[in-house]
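Report on the structure given below.
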Amino acid sequence: MRKPSTRSSPTKNQHESVRKDHAIETAQDYVEAIDDLIAEKGECRLVEIARRFAVSHVTANRTVARLKRDGFVQSEPYGPISLTASGRRMAIESRRRHEIVLRFLKTLGVREETAVLDAEGMEHHVSEETLQAMERYVQRETETAEETNSSGKNPVAVNTKPRRRG
């Protein structure tokens, strides 16, 4: 007889939460891409979105329909897709989160290619508190580097909090 697992199985609410989070990630990625395409080409077409995400026309169409339903985009059949004010705000916020995570990873010494790929996934999963901590860290490192460059001396790290061991 098999021993019951001590690990709890996901509940219906957990599955719903994961699906909701994934839908939000997708919405953020799509509005950011739509904003980029409009900036690059002057307009955004469904075929370009499908190409950008390497998905079928049907998949892109369904996602854009959800974005339209949720008030993030406007479109007419066979016409260009534009962002609403809410969609534009989401694109700006998504880009801000991405840039913070990217700068943080690069400050840690992560290679550019890896940092870009990792930031794309991480931006959706970090809290605002963590983003602010990342920004503070990057700012401190930048200031330290600037002080080093201007003085020609190696920076001296000052740690006011003792490290915990154990």
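Sequential numbering of the sequence shown, starting at 3, is according to my numbering.
Here a beta-carbon is modelled for each residue, glycine too, at the ideal position from N, C-alpha and C.
Remember, it's a predicted structure, so these values are computed and weren't measured experimentally.
Cβ-Cβ distance between residue i and residue j below 8 Å
i: GLN1; j: MET92; result: Residue 1 is absent from the structure shown; the chain starts at 3 and stops at 168.
i: HIS59; j: ALA52; result: yes
i: LEU133; j: ILE102; result: yes
i: ARG98; j: GLU34; result: no
i: GLU114; j: LYS108; result: yes
i: TYR80; j: PHE106; result: no
i: SER88; j: GLY73; result: yes
Beta-carbon contacts of residue i that lie in its chain and below 7 Å, excluding the five residues immediately before and after
i: LEU104; result: ALA117, VAL118 and ALA121
Own chain, CB closer than 8 Å to residue i, minus 5 neighbours either side, in chain order
i: ILE26; result: HIS126
i: VAL128; result: ARG99, VAL103 and MET136
Exposure label - residue i; buried when at least 16 CB within 10 Å
i: VAL75; result: buried
i: HIS100; result: buried
i: ALA147; result: exposed
i: GLU50; result: buried
i: THR144; result: exposed
i: ALA62; result: buried
i: ALA159; result: Interpretation of ALA159 is limited by its pLDDT of 46, a score under 50 that renders its predicted location unreliable; no figure is taken from the coordinates.
Below-8 Å beta-carbon distance, residue i vs any chain C residue
i: GLU101; result: Among the protein chains of the structure shown there is no chain C, as only one such chain exists.
Proximal residues to residue i (C-beta, below 6 Å), its chain only, five neighbours per side dropped
i: LYS22; result: none
contact_flag[the stretch 22-42, the stretch 75-95] where n(CB pairs < 8 Å) is 3 or more: Contact holds: three or more Cβ-Cβ distances are below 8 Å.
Three-pair Cβ contact test at 8 Å for the stretch 34-46 versus the stretch 70-87: At 8 Å Cβ cutoff, the stretches touch.
Ordered list of alpha helix (DSSP H) runs contained in the stretch 49-123, each at least 4 residues: Those alpha helix (DSSP H) runs which fall completely within the stretch 49-123 and span 4+ residues are 59-71 and 87-109.
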